[in-house]
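S.K.:
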Amino acid sequence: MAIEYIEKYPVTLLVIIFTIIRLLIANLINLGNDEVYYFTYAVLPDWNHFDHPPLVGILIRIFTFNLNCNSEVFVRMPGIVAAAVNTCLIAHLGNLIKNRDTGLIAALLYNTSVYSSILCGIFILPDSVQLTFWLAALYAMLRCIKATGLSDIHRYLLLTGLFIGLATMSKIHGVFLWFGFLGFIAFDRRGLLKSPYLYISIAITALLVSPVLFWNFGNDFITWRFHSERVTFGDSGINIRSLLRTSIGQVLYANPFQVVIYLLTGKTLVRRLSITTSAVTTSVATTLVDATSAALLLWCSLPIIACTTLVSLFRDTLPHWSGPGFLGLMLLGASWADKFNLNNLPKKLLAGSVGLILFVFAAGPILIRCYPGTMSPKSFPHTGAGDATLDITGWEQLLPAFEKLRNDDIASGSMKRDAPMVVHKWFPGSHIYYHVAYPLGMRTVGIGKLEDLHQFAWLNKLYGQVLADSDAWYITPSNNFTDPAEQFAGQFERFEKAGTITQRRNSRVARYWFVYRLRNARLTADH
275 MAIEYIEKYP
285 VTLLVIIFTI
295 IRLLIANLIN
305 LGNDEVYYFT
315 YAVLPDWNHF
325 DHPPLVGILI
335 RIFTFNLNCN
345 SEVFVRMPGI
355 VAAAVNTCLI
365 AHLGNLIKNR
375 DTGLIAALLY
385 NTSVYSSILC
395 GIFILPDSVQ
405 LTFWLAALYA
415 MLRCIKATGL
425 SDIHRYLLLT
435 GLFIGLATMS
445 KIHGVFLWFG
455 FLGFIAFDRR
465 GLLKSPYLYI
475 SIAITALLVS
485 PVLFWNFGND
495 FITWRFHSER
505 VTFGDSGINI
515 RSLLRTSIGQ
525 VLYANPFQVV
535 IYLLTGKTLV
545 RRLSITTSAV
555 TTSVATTLVD
565 ATSAALLLWC
575 SLPIIACTTL
585 VSLFRDTLPH
595 WSGPGFLGLM
605 LLGASWADKF
615 NLNNLPKKLL
625 AGSVGLILFV
635 FAAGPILIRC
645 YPGTMSPKSF
655 PHTGAGDATL
665 DITGWEQLLP
675 AFEKLRNDDI
685 ASGSMKRDAP
695 MVVHKWFPGS
705 HIYYHVAYPL
715 GMRTVGIGKL
725 EDLHQFAWLN
735 KLYGQVLADS
745 DAWYITPSNN
755 FTDPAEQFAG
765 QFERFEKAGT
775 ITQRRNSRVA
785 RYWFVYRLRN
795 ARLTADH
């Protein structure tokens, strides 16, 4: 009975297995730097935020039941649920472009990609939300170009605009879908240029994204300026190191075994074998994905990958910027692997992809939670500096120790209960906010430059300022140590070290948190 169910519903089994794995890991490790930062989006919903559109924050607020369940697993739940939905979506897409087996392989590729399965499937990022709408947009486009009736074409054109709009409201990179679709139309479906529904679809996207534009009108176009500085070419010339770092990151995030599949798929397409090919194990002719579908998927994949790589040639980029582009390659790669009926090389590559992701699933949490002390060679007071694992472990040790210190100071009259927490930068300020200030109901005030504070500049509208002659708290971790006397020079009269909190991992010191009392704000302090 169980075997029959597995054979009949393999994608469902895949969803169940990987969802259980994600839930376990989400419970085992703390939120990362970006994740705790996006929690601030949920605390203060807006039409747009300094760095990204609002959907990720809205969904965090929904899945935490209006911020009443704020543990890591609930904050990450939008990404975990989206990964399950996306597995079904990409399987459906594979079935649409070829057959059920292609859909199953595509679902397997999705769940064994480091980017889609871990970065977007366990962690909560704007990408976690965007991938659902990206896949839905691909589905609408493919149905549109395959449809024969005008009513179907019109309906899927309108749905394309809807899903691209929602993808863009998750992360601005969603606009690449329109670049891809319009490029495909210009070369392969010029007749659609005469359809008013195409332009209505574009208008739907524009309407959905308009809150981002209006918000930026009122905030000096800060989002555009922030992102343009990240991608504008400077005068430093070609940066080979950045190119290599991004390219290697793209390969690792995609899963190296999958990259080999994509290269072999590309080789097949270049050789014009996308129409028919002889089966490897039988004499029956089998087909790859049809040329039109392949063209559309490539138009929606290669531009964002190429753009990220090109920018990295001149300045630092993040490899996951190109992540959504690999979804189309997954579908093409699945179609290529399916034509061999999973024999020989494709079978080995898929097995390698599964083996690698299972290794990461098992080894990652063990390393993060159990490594004795810190991997960093840095000495006190910079203990742990450069150890990335400390970003996602041990933060639960900070709250009880700080709460006791704070309560003792309140009881002795040394500090007032309403003394706020001060941060000077979004990282590690977001960790201090999520793990300490928010649970204790403390006001959190950002003092510093806008380019450092990011969302905390807007949280100041919620929490107010540090009033003149009042005191505040400040916590700085040793792995990202900042001396408050230097950071807040001239803004407070004196700086008192209230205590040192030690984080231990596997019985060895991993990091310290230094707690300070900032005394007598000279002027009303904010950013």
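Under this note's numbering, the first residue of the sequence shown is numbered 275, with each subsequent residue one higher. Idealized CB from N, CA, C, for every residue including glycine. Bear in mind that the values here come from a model prediction, so they are computed numbers and not experimental data.
Between which residues of its own chain and N780 is the CB-CB distance below 6 Å, once the five residues before and five after are set aside?
M.R.: The count along the sequence shown starts at 1 and reaches residue 780 at position 506. Within the same chain, N780 has close Cβ partners C644, P646.
S.K.: Look up M649 in the DSSP assignment and say whether it is helix, strand or coil.
M.R.: Working through the sequence shown from its first residue, we reach residue 649 at position 375. In this structure, M649 counts as coil in the three-state DSSP scheme.
S.K.: So for R589, helix, strand or coil by DSSP?
M.R.: On the sequence shown, residue 589 is found 315 positions in, with the first residue counted as 1. Correct three-state label for R589: coil.
S.K.: Look up P283 in the DSSP assignment and say whether it is helix, strand or coil.
M.R.: Sequence index remark: in the sequence shown, residue 283 carries index 9 (1-based). Looking at the sequence provided, one finds Tyr at residue 283 rather than Pro. Note: Y283 maps to coil in three-state DSSP.
S.K.: Thinking M604 and I364 are a contact (beta carbons under 8 Å), I'd like their distance in whole angstroms, please.
M.R.: For this step, residue 604 is matched to residue 330 along the sequence shown. For this step, residue 364 is matched to residue 90 along the sequence shown. 7 Å between Cβ atoms; contact.
S.K.: On a CA-only basis, which of L679, A795, A568, P530 is nearest V544? Give me that one, please.
M.R.: By one-based count along the sequence shown, residue 544 stands at place 270. It is A568.
S.K.: How long is the line joining the alpha carbons of F313 and L630, rounded to whole angstroms?
M.R.: To locate residue 313, count along the sequence shown from 1; it is residue 39. To locate residue 630, count along the sequence shown from 1; it is residue 356. Cα to Cα, the separation comes out at about 30 Å.
S.K.: Check the Cβ-Cβ distances between G439 and every residue of chain C, and say whether any is below 8 Å.
M.R.: The structure shown contains no chain C; it is built from a single protein chain.
S.K.: Between which two residues does the alpha helix (DSSP H) harbouring E309 extend?
M.R.: In the sequence shown, residue 309 corresponds to position 35, counting from 1. Residues 307-317.
S.K.: How many angstroms separate the CA atom of F730 from the CA atom of G448?
M.R.: Your numbering for residue 730 matches position 456 in the sequence shown. Your numbering for residue 448 matches position 174 in the sequence shown. C-alpha separation (whole angstroms): 26 Å.
S.K.: Do L297 and A381 come within 8 Å of each other at the CB atom, strictly closer than that value?
M.R.: Working through the sequence shown from its first residue, we reach residue 381 at position 107. Working through the sequence shown from its first residue, we reach residue 297 at position 23. Cβ distance not < 8 Å, so A381 and L297 don't count as in contact.
S.K.: Cα-Cα, which of M649, A358, P485, W669 is closest to I295?
M.R.: Stepping through the sequence shown from its first residue, residue 295 is reached at position 21. With distances taken between Cα atoms, I295 lies closest to A358.
S.K.: Which residues bound the alpha helix (DSSP H) around I438?
M.R.: Here residue 438 refers to the residue found at position 164 of the sequence shown. Segment 424-442, the alpha helix (DSSP H) holding I438.
S.K.: Please tell me whether A759 and A795 are closer than 8 Å, where the distance is taken between their beta carbons.
M.R.: In the sequence shown, the residue the question calls residue 759 occupies position 485. In the sequence shown, the residue the question calls residue 795 occupies position 521. It is not a contact, given that the beta carbons lie outside the stated cut-off.
S.K.: Just the Cα atoms here: how many angstroms apart are P598 and R782?
M.R.: Taking the first residue of the sequence shown as 1, we reach residue 598 at position 324. Taking the first residue of the sequence shown as 1, we reach residue 782 at position 508. If I take the Cα positions, the gap works out to 40 Å.
S.K.: Would you tell me roughly how many angstroms separate the C-alpha atoms of L562 and T750, rounded to the nearest one?
M.R.: Numbered from 1 along the sequence shown, position 288 holds the residue referred to as residue 562. Numbered from 1 along the sequence shown, position 476 holds the residue referred to as residue 750. Their Cα atoms are separated by approximately 56 Å.
S.K.: How is the beta strand (DSSP E) around L792 delimited, first residue to last?
M.R.: As a position in the sequence shown, residue 792 is number 518, starting the count at 1. Start and end: 782-795.
S.K.: Mind reading off the beta-carbon distance from T520 to S575? Whole number of angstroms is fine, and I expect it under 8 Å.
M.R.: Here residue 520 is taken as the residue at index 246 of the sequence shown, counted from 1. Here residue 575 is taken as the residue at index 301 of the sequence shown, counted from 1. No, T520 and S575 are not in contact; Cβ-Cβ is about 17 Å, not under 8 Å.
S.K.: Just the C-alpha distance for S484 and D590, rounded to the nearest angstrom, thanks.
M.R.: Numbered from its first residue, the sequence shown carries residue 484 at position 210. Numbered from its first residue, the sequence shown carries residue 590 at position 316. Cα to Cα, S484 sits roughly 29 Å from D590.
S.K.: With L367 and L412 assumed to form a contact (beta carbons below 8 Å), what rounded beta-carbon distance in angstroms separates them?
M.R.: Numbered from 1 along the sequence shown, position 93 holds the residue referred to as residue 367. Numbered from 1 along the sequence shown, position 138 holds the residue referred to as residue 412. Correct: roughly 6 Å between the Cβ atoms.
S.K.: Does the structure place the segment 669-679 close enough to the segment 710-717 that three or more beta carbon pairs sit under 8 Å?
M.R.: In short, these stretches touch, since the Cβ pair count reaches three.
S.K.: Residues in its own chain within less than 7 Å of H594 by CB, not counting five upstream and five downstream?
M.R.: Position 320 of the sequence shown, counting from 1, holds the residue named residue 594. Answer for H594: Y389, L393, D401, Y527, listed in chain order.
S.K.: Just reading off the alpha helix (DSSP H) that F876 is part of, what are its end residues?
M.R.: Here the chain covers residues 275 to 801 and nothing more, so residue 876 does not appear.
S.K.: To the nearest angstrom, how far is the alpha carbon of A625 from that of R429?
M.R.: Working through the sequence shown from its first residue, we reach residue 625 at position 351. Working through the sequence shown from its first residue, we reach residue 429 at position 155. For A625 and R429, the distance between alpha carbons rounds to 39 Å.
S.K.: Since S627 contacts L399 with CB under 8 Å, what's their CB separation in whole angstroms?
M.R.: Looking up residue 627 in the sequence shown gives position 353. Looking up residue 399 in the sequence shown gives position 125. The Cβ separation is near 22 Å, so there is no contact.
S.K.: Pairing CB atoms from the segment 483-499 with CB atoms from the segment 317-336, are three or more of them under 8 Å?
M.R.: With the cut-off at 8 Å, the segment 483-499 and the segment 317-336 touch.
S.K.: Return helix, strand or coil for K678, following the three-state DSSP convention.
M.R.: Counting from 1 along the sequence shown, the entry for residue 678 is found at position 404. Here K678 sits in helix by DSSP.
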